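Following: one structure in structure tokens, then a few remarks.
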Amino acid sequence: MNYKRSVSFLLAVIIFCCAGRISAQRPLDRIRGMGNIGGGGGGADSLAHRSGYEDSITITVRYLDSSRYRKMDSTITDFSKQFPIPADHIFLGNTGSAARSIIFRPNMTAGWDPGFHSFDIYQGTVPETKFYSTTRPYSELVYIIGARAEQIIRVLHTQNISPDWNAAFQFRLINAPGLLRSQNTNHSNLRLNTTYQSKNRRYHAFFVYMNNRIEAGENGGIRTDEDYLANSLSYSDRSLIPVQLGNSIPAGRSVFSTNVITGTKYSNRHVMFRHQYDLGIKDSVVTDSTVIRLFYPKIRIEHTARISSYNYGFADLRPDIRNDSAFYASYGFTPDQLTNTISIVDKWSELFNDLSVYQFPDSKNSQQFFKAGASIQTLKGTFTNETRSLYNVILHGEYRNKTRNQKWDIEATGQLYSTGFNAGDYNAYISLRRFISKKIGYLQGGFQNVNRTPSFVFDNSSSFNKFTRTTVPSFNKENVTNIFASIEQPLLNLQLTGHYYLISNYTYFSSFTQPAQYSSLFNLLQVGAIKRFRLGKRWRLDSEVTVQQKAGAAPLNIPLLYTRNNLYFQGSLGFKNLLLLFGTEIRYHTPYKADTYSPVLGQFVYQDTTTIRLKAPHITAFLHFRIKTFTTYVRAENLNTVSLRDGFGFTNNNFAAPNYIYPGLLIRIGIVWGFVN
106 MNYKRSVSFL LAVIIFCCAG RISAQRPLDR IRGMGNIGGG GGGADSLAHR SGYEDSITIT
166 VRYLDSSRYR KMDSTITDFS KQFPIPADHI FLGNTGSAAR SIIFRPNMTA GWDPGFHSFD
226 IYQGTVPETK FYSTTRPYSE LVYIIGARAE QIIRVLHTQN ISPDWNAAFQ FRLINAPGLL
286 RSQNTNHSNL RLNTTYQSKN RRYHAFFVYM NNRIEAGENG GIRTDEDYLA NSLSYSDRSL
346 IPVQLGNSIP AGRSVFSTNV ITGTKYSNRH VMFRHQYDLG IKDSVVTDST VIRLFYPKIR
406 IEHTARISSY NYGFADLRPD IRNDSAFYAS YGFTPDQLTN TISIVDKWSE LFNDLSVYQF
466 PDSKNSQQFF KAGASIQTLK GTFTNETRSL YNVILHGEYR NKTRNQKWDI EATGQLYSTG
526 FNAGDYNAYI SLRRFISKKI GYLQGGFQNV NRTPSFVFDN SSSFNKFTRT TVPSFNKENV
586 TNIFASIEQP LLNLQLTGHY YLISNYTYFS SFTQPAQYSS LFNLLQVGAI KRFRLGKRWR
646 LDSEVTVQQK AGAAPLNIPL LYTRNNLYFQ GSLGFKNLLL LFGTEIRYHT PYKADTYSPV
706 LGQFVYQDTT TIRLKAPHIT AFLHFRIKTF TTYVRAENLN TVSLRDGFGF TNNNFAAPNY
766 IYPGLLIRIG IVWGFVN
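Here the sequence shown stands for residues 106 to 782, numbered as in my numbering.
Spelled out as structure tokens, the structure:
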């Protein structure tokens, strides 16, 4: 949808979400995960005493593959919970551009995978859908504005249509014109979901509709024919620096400039329906005035159906022979081949059906169960020169047990692709978590082994390999083992984690056009710590450190150390309804040979010649505060880019990847407003 249509649609949603009694707004501390509802009765006497809880709300959240209800997170310390880019990710200089984790996280998903993950953080997924249960309608509006008309809008509305039926609506818009030419981004996510449980507690249904749209301008990074960053007199305005691709496209400064002329265009759509029927034991609790009906399942039959479509494309609607030919030469193209529009698309449609059976050994503990089932997946791929129809038959089993005394948490799952395109793929996982004592805390240990077919972007049928005229050799299945452990000590606000990876047949891109596979076995050790320090009565230091080291000559680029530290004051300044935080955030990683990026393929590419060194750690000053249900974030980011060379300015830019720079000073202001209607 275009910008004006998006805004009109959003305004209609806001009016709908905010409808109701504005006077019903109440402090956030009345949004509880547990507890009783105040209010009650049917009296209409306007002089009746109000306890203060008449308009309070009980709201809980659960995920699709979990029966545990959780509280909503109302903390304001970590801005990255509101921002689409996680703190431990690098991105290509603009909000909404391609990004990847700086901490090694291999792909541990068995089965079919299209292979385009550089924009995953901006897209919603069905498994992460939140299903709510609430006693009153609840709405949340988020608006973040940044430099050069960057804006992020998020809307949430949920309400129980009846005590056993909840519906939720979520919408997010990310629009950022960017600093450089051909760098604008325009992403949107829409999610509608509902959950229903019958009055006799036997039948349960879930429905999710989701639509993701990604549009990101690609420029190949800044040119390297001279040192433009050092010339702060001519290029103090970084938008004047020439780029390698789309150089004739002016740098965006208007929020209305949403069209991507040269860049990535992805979209996907999902419709999922899951329903369950339980067989078990009836029971009831009799009080003085009511009878509460209870039901304890022993057997559960579950069916899940999902229809999905995926489009992964790159387009250059106006190839510039004079400016772009040098860049396209790295893909093997000559100037006479750039006279027409460039368009590359992989299209997929998917139909997924699953039938599963649960068995609950302990009738009064729904957190303990055995599960077994089978799935059928049918796929149709449409590419430049062909269409392929694929299928998979998947067998799976699972055991979970969170004991009623809350001391043990056991999870074991297995998944095997028995026949079909991904035959032989499997995923085996086991985790054991135990509460030891208040002094020691929680201990967890686990193991996961995944055998997977390389992603389809490594297949000769992919339109992207046809475009680059690349012949992909037959790759073996990747195998990844993860042995992990953690210690969580709530009293000390401390968490320690460790991962030991064993990887063979690692697939990657060795150049802008060439897929490759590293067949030798290699290992990687990764340890991390998260700790909150109390520095006096009001000051806090939140520290996060990760150390990772690979063994051998594997084509994998990671920094040895990554750290993030938040030093801040936390208090109320004597005001009852105020929570105030102000301080600074510092992020740093050691020098390493970071992956470069292929705009046409939409992939991060291994390179071993250019080392990325931060000129200074990333520094942000922030002021966060909450008054009742209204939260404000004020942030001055990239203070580290300050420079006195050729005058005062913020031109000491860090590199994110070869030829890709982070912007200078950014001022961001965000508001989050929750409504209880």
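The beta carbon of each residue, even a glycine, is placed where N, CA and C say it ideally should be.
Since the model is a prediction, treat every value here as computed from it, not as a measurement.
Just measuring C-alpha positions, the residue of ILE162, ARG637, ARG773, ILE766 sitting nearest ASP332 is ILE766.
In the three-state reduction of the DSSP assignment, PRO620 falls in the strand class, which pools E and B.
GLN511 counts as exposed, since fewer than 16 other C-beta atoms from the protein chains shown sit within 10 angstroms of its C-beta.
In its chain, beyond the 5 residues on either side, TYR168, LEU169, ARG296, ASN298, VAL313, MET315 have a beta carbon closer than 8 Å to the beta carbon of THR234. With 16 or more other Cβ atoms inside 10 Å of its own Cβ, ILE258 counts as buried. PRO595 sits exposed, since fewer than 16 C-beta atoms from the chains shown fall within 10 Å of its C-beta.
Looking at the backbone, the Cα of TYR613 and that of PRO620 are separated by about 6 Å. For the 8 Å CB-CB criterion, THR439 and LEU422 do not form a contact. Secondary structure in the region 312-391: the beta strand (DSSP E) runs of 3 residues or longer, each lying completely within the stretch, are 367-391 in chain order. The region 693-729 is shown to contain whole beta strand (DSSP E) runs of 3 or more residues at 701-703, 708-710, in chain order. Counted as a single uninterrupted DSSP element, the beta strand (DSSP E) harbouring ASP459 occupies residues 447-464. For PHE680, no beta strand (DSSP E) encloses it, and the DSSP letter there is neither H nor E. Contact annotation: the region 567-579 does not touch the region 592-606, with fewer than three C-beta pairs closer than 8 Å.
Residue state for PHE760 is assigned as strand, using DSSP reduced to three classes. Sequence-distant Cβ neighbours of SER414 in its own chain, meaning closer than 6 Å and more than five residues away, are ARG374, SER454. Contact between the region 453-469 and the region 403-418 is present: 3 or more CB-CB pairs across the two stretches fall below 8 Å. Per DSSP, ALA192 lies in no alpha helix (DSSP H) segment and is marked neither H nor E. The beta carbon of VAL650 lies closer than 6 Å to those of ALA634, THR668 in the same chain, with the five residues before and after it left out.
Here LYS571 carries a helix assignment [DSSP, helix/strand/coil]. Secondary structure at SER171: coil, using DSSP grouped into helix, strand and coil.
Around the Cβ of VAL777, a 10 Å sphere holds 16 or more other Cβ atoms; the residue is buried. Under the Cβ criterion (8 Å, minimum of three pairs), the region 243-257 does not count as touching the region 215-224.
Burial is judged here by how many other beta carbons sit within 10 angstroms of a residue's own beta carbon; ASN682 has fewer than 16 and is exposed. The region 602-610 makes no contact with the region 477-493: fewer than 3 CB pairs, one atom from each, lie closer than 8 Å.
Distance from the Cα of SER293 is smallest, within the candidate group ASP467, ALA533, GLN256, TYR308, for GLN256.
For ASP421, there is no enclosing alpha helix (DSSP H); the enclosing beta strand (DSSP E) covers residues 396-421. Between ILE663 and PHE311, the C-beta gap is not smaller than 8 Å, which leaves the two residues out of contact. Taking every protein chain shown into account, the CB of LEU629 has 16 or more other CB atoms within 10 angstroms, so this residue is buried. By the criterion of a C-beta distance shorter than 6 Å, LYS720 is surrounded in its chain by ASN757, ASN759, once the five residues flanking it on both sides are discounted. Boundaries of the beta strand (DSSP E) harbouring ASN497: 492-507, taken from the DSSP string.
In the three-state reduction of the DSSP assignment, ASN294 falls in the strand class, which pools E and B. Secondary structure at VAL231: coil, using DSSP grouped into helix, strand and coil. Burial is judged here by how many other beta carbons sit within 10 angstroms of a residue's own beta carbon; PHE753 has fewer than 16 and is exposed.
Ranked by Cα distance from ALA215, the options LYS733, ASN506, HIS501 are led by HIS501. Under the three-state reduction of DSSP, ARG557 is assigned to strand.
Separation of ASN291 and VAL562 (C-alpha to C-alpha, rounded to the nearest whole angstrom) is 24 Å.
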